[in-house]
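So in my numbering, the last one in the sequence shown is 75, and the numbering has no gaps at all. Yeah, the Cβ is synthetic: ideal placement off N, Cα and C, and Gly gets one too. Source: prediction; values computed, not measured.
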Amino acid sequence: MEAHLVHFKTPHGNLTADEAIDEPDGIAVLAVLFEWGSADHLIDDMVLQLGRNQTAAELKYQPIDFLPKNTDEYI
């Protein structure tokens with residue numbers, strides 16, 4: 001599975017992704033790859049909440065929740 005964490009620079013925060021991408025410092029996207037398994041309780045919880053007609057904007061998760069415990073090494 002893959003999750004994307006999309007970040008807009010504050011001065012560009014009111015732009016759409018299509019507009020921000022035209023700015024040299026307007027947008028940053030961090031992709032996180034992971035395997036679905038029994039230890040993925042965060043993802044299970046998110047899927048259950050979305051199944052209850054909650055939108056992604058209503059979910060209360062921190063971006064750090066999606067990152068590996070060891071962030072010293074990246075692929």
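Quick one: what does DSSP say residue i is sitting in, helix, strand or coil?
i: residue 48; result: helix
i: residue 34; result: coil
i: residue 67; result: coil
How far does the beta strand (DSSP E) with residue i in it extend, from its first residue to its last?
i: residue 19; result: Residue 19 -> not in any beta strand (DSSP E); alpha helix (DSSP H) instead, spanning 17–20.
i: residue 73; result: No beta strand (DSSP E) contains residue 73, which DSSP labels as neither H nor E.
i: residue 2; result: 2–8
Suppose you measure from the CA of residue i to the CA of residue j; what does that come to, to the nearest Å?
i: residue 147; j: residue 18; result: This structure cannot settle anything about residue 147, because the visible part of the chain is limited to 1 through 75.
i: residue 72; j: residue 5; result: 18 Å
i: residue 3; j: residue 32; result: 5 Å
i: residue 67; j: residue 47; result: 18 Å
Can you tell me whether residue i is buried or exposed, with buried defined as 16 or more other CB within 10 angstroms of its CB?
i: residue 20; result: buried
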